[in-house]
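The opening position of the sequence shown corresponds to residue 231 in the numbering used here, with each subsequent residue numbered one higher. Using N, Cα and C, we set each Cβ at its ideal position, and we do this for glycine too. To keep things clear, I will list the structure first and then write my remarks on it.
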Amino acid sequence: MNKRKYSKILLLVMSIMICVLIGIQFYLTLYMRRQQELLPEILTWFCLFLEIGLLAVLLASSNVNQAVGNLAFTDVTGIKNKLAYQEHINRINERPDTFSIGMVMFDLNNLKKVNDELGHEMGDHYIEAFSAILSDVQNDRISAYRVGGDEFAMILEQTNAVEIYHVLSGLEKAVDEYNKKHCIQISYARGYEISTREHYYLMEELVRCADEHMCAHKQKSKKNRLDRKQLG
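Here it is in structure tokens:
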């Protein structure tokens, strides 16, 4: 049993205990009115304080679990991490189909060069800057994740090729705007795939295809840079 399930069961048990105590308190209140004895009154007050204590623990546990849950699924850069990404994949796999699911894979270029020449602190800043740009793209149907050192993923639900084109175009413009204002230029490779009725994919296949397209885009970019150097 994982910790999240254990926490939910614990909160459920505490809720049931509070309900039982409320029932006991109600019964003792009626009993006091009829018998006018001191012991039931003491027990009633005891139940009341116990209920207040349990409610306080319940609320605190709920808030702590929420905070811990958020931390567990958040990367140091601020966007969701690989654990959150895998859980999203698992949720989609539990559905009857993956129609209209889009997957985009990203790989930052030149991270090693930035780390080697400018230091790991600047390398971290390079990753954080791209993470922030990806984060701005998110909405209720689009989720971005950091899934590796310089690797990122984006899952789009109820999407199509036109929307993905606009999302990637907007991302490219945002990166261009960033690059105009900063000395470290963000460069990345990306590849995407969509699951449709004509081209249906399981999530693992969808991820693999998007990753293959990303690798092809990266190789093409490298070749173009080499060609420009040779021409220069």
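query, result
"Buried or exposed by the 16-neighbour rule on C-beta atoms within 10 Å, applied to Leu-268", "Note that Leu-268 has pLDDT 48, beneath the 50 cutoff, so the model's placement of it is unreliable and the number below is only indicative. It is exposed - the Cβ of Leu-268 has fewer than 16 other Cβ atoms within 10 Å."
"Counted within 10 angstroms of its Cβ, other Cβ atoms place Leu-386 as buried (16 or more) or exposed", "buried"
"Euclidean distance between Cα positions of Ile-331 and Val-392", "13 Å"
"Endpoints, alpha helix (DSSP H) assigned at Arg-376", "That residue, Arg-376, is in no alpha helix (DSSP H); its beta strand (DSSP E) goes 372 to 376."
"Coil, strand or helix - Arg-427 by DSSP", "coil"
"Residues bridged to Thr-307 [DSSP beta-bridge criterion]", "BP columns for Thr-307 are empty, so no partner."
"Sufficient close CB pairs (3 or more, under 8 Å) joining the stretch 302 to 315 to the stretch 400 to 415", "no"
"Which listed residue (Met-333, Leu-432 and Asn-345) has its alpha carbon closest to that of Arg-371", "Met-333"
"Same chain, Cβ closer than 6 Å to Tyr-431, five either side skipped, listed in chain order", "Ser-425"
"Nearest residue (CA-CA) to Phe-329, options Gln-368, Gln-388 and Gln-449", "Gln-388"
"Among Lys-410, Ala-440, Gln-415 and Ile-394, the one whose alpha carbon lies nearest that of Gly-421", "Ala-440"
"Whole-angstrom distance between Phe-360 and Leu-436, CA atom to CA atom", "23 Å"
"Given Leu-348 as reference, the closest of His-443, Gln-415 and Met-335 once Cα atoms are compared", "Gln-415"
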